[in-house]
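Numbering of the sequence shown is given in the UniProt record's numbering, commencing with residue 1 and proceeding in unit increments. Ideal Cβ positions, reconstructed from N, Cα and C, are used throughout, including at glycine.
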Amino acid sequence: MIKELEVKDLRPVAEWLHQMNEEDKHFVAWLASDPKEIFEQIWGLTQLNDPFAFVAWDGDEIIGFLGILPFFEQRVCRLLGPIATRQESFIIEKLWQKASLTLEMYFNAAKMACFDVNAELLAFAEHHEFELYNIEKTLLLTEKAFTPSFSSSSSIAPVDEEHYKELDALHPDGAYYETKQMLDLSYQQGNRLFGYFEEGELSGYVYLETILPEEEGEICFVNVTQGEQGEGIGTALLEYALAIGFEEMNFSYITISVRETNRAAESLYRRIGFEEWHTIYAYNKTIEKQPPPTLIH
């Protein structure tokens with residue numbers, strides 16, 4: 001049975017989603033990592049006027065989920081799922097059908113991303129003619145495999161509001177965090193935003209985020225001004241952030257993602273010691289509005 005997510009079911013659903021996202025086969029992007037954060041994320045979906053989250057039940061057992069993470073101004077949403085553990089193709093299809101009305105009412109496009117081992121979701125995307133717009137590799141570096149360099153880090157310092165305009169000019173358009181979001185998040189415990197400064201001007205930055213405290217960190221962004229690329233700034237920023245992550249934040253491993261087409265960046269990451277972990281397939285679906293039924297007189 002497919003039902004709208006109810007407040008009374010938030011805790012078991014959040015725990016179930018956390019377990020699912022720990023498995024590569026069921027991993028979906030944009031779902032929070034910690035059960036408490038997942039709880040808050042899906043609680044927000046229950047506070048909207050229309051249904052934005054759906055749960056598949058077999059008696060009292062959860063066997064599927066699909067959430068719609070809205071960006072109303074852009075008329076775009078990110079799909080948290082669909083996920084299913086039984087009769088996967090059938091349940092995924094039923095969840096999609098339940099969500100279709102909300103999607104048609106509010107959005108022009110829906111985005112979805114998963115690991116390459118999620119065969120059921122890849123088949124679902126192909127069946128519904130989702131457009132594959134990006135293939136991104138996730139690379140991983142363990143604390144034991146990291147060898148810090150002894151190059152000077154005197155040019156690297158935290159970035160604050162004073163350098164917002166320079167940071168905004170460096171930050172890529174369409175990134176999953178806008179510049180202000182990234183800057184605000186950098187002030188939270190467990191996150192760090194560092195810049196490379198030359199004569200007081202920002203030449204590059206790196207943003208490191210905690211995924212699991214004292215276990216997993218992620219380098220979400222590293223960017224260098226176009227005129228300074230190839231000068232070792234990116235390497236210096238990465239190695240500095242990695243040293244902070246392993247030595248001060250006690251991460252066991254740190255990940256970084258790179259587009260499959262960005263061979264130069266991947267080569268740099270591999271030279272530092274990163275190794276391939278997963279490949280994420282990202283899809284976009286244009287939402288087609290269904291015409292109203294024809295009335296027969």
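Beta strand (DSSP E) containing residue i: first to last residue?
i	result
Y269	Looking at the DSSP string, Y269 is not in any beta strand (DSSP E); the run it does join, the alpha helix (DSSP H), is 263-272.
G195	192-198
F39	Here F39 belongs to no beta strand (DSSP E); instead the alpha helix (DSSP H) covers 35-46.
K25	Neither: K25 is in no beta strand (DSSP E) and is coded neither H nor E.
T210	201-212
V222	216-224
E4	2-4
Count the other CB atoms, across all protein chains shown, that sit within 10 Å of the CB of residue i; report buried if there are 16 or more and exposed otherwise.
i	result
E209	buried
K3	exposed
G232	exposed
V7	exposed
A123	exposed
F234	It is Gly, not Phe, that sits at residue 234 in the sequence shown. Result: buried.
F90	exposed
Q41	buried
E239	buried
H163	buried
A264	exposed
K36	exposed
K165	exposed
G230	exposed
K137	buried
Could you give the distance in angstroms between the alpha-carbon of residue i and the alpha-carbon of residue j?
i	j	result
N262	G174	17 Å
Q189	F146	23 Å
I135	R259	6 Å
G227	L170	12 Å
E23	N118	10 Å
C220	E88	32 Å
R86	M1	12 Å
C114	E199	42 Å
L48	A32	19 Å
L45	M112	17 Å
V224	Y205	7 Å
A99	E276	34 Å
A56	L95	7 Å
W30	A14	14 Å
G81	L193	30 Å
Y253	A241	12 Å
D160	L183	7 Å
T179	F251	25 Å
D168	I272	27 Å
N108	V222	30 Å
P148	N191	20 Å
H127	A53	22 Å
If you reduce the DSSP assignment to three classes, tell me which class residue i lands in.
i	result
E288	coil
H128	coil
D58	strand
V117	coil
H171	coil
S257	strand
R78	strand
P148	coil
residue 364	With the chain covering 1 to 297 only, the question about residue 364 has no answer from this structure.
V159	coil
Y176	coil
E275	strand
F251	coil
F65	strand
E136	strand
F72	coil
Enumerate in chain order the residues of its own chain whose CB-to-CB distance from residue i is below 8 Å, with the five nearest sequence positions on each side excluded.
i	result
W16	I62, F65
L103	I68, C77, A110, I287
residue 305	What is shown of the chain runs 1 to 297, which leaves residue 305 out entirely.
L132	A125, Y281, A282, Y283
D116	L122, H278, T279, I280, Y281
Using a Cβ-Cβ cut-off of 7 Å (strictly less than) and excluding sequence neighbours within five positions of residue i, which residues of its own chain qualify?
i	result
I83	M20, H26, V28, G64, F65
Y269	L139, I256, V258
State yes or no: is the beta carbon of residue i nearer than 9 Å to at least one beta carbon in chain E?
i	result
N191	Chain labels in this structure do not include chain E; a single protein chain is all it has.
With residue i as the anchor, note down where its alpha helix (DSSP H) starts and where it stops.
i	result
I92	88-106
A241	233-243
A14	10-21
M182	179-186
Within a Cβ cutoff of 6 Å, which residues of the same chain sit near residue i, ignoring the five residues on either side of it in sequence?
i	result
E218	E209, I211, T255
E266	V258
P70	C77
D50	T102
K285	A110, F130
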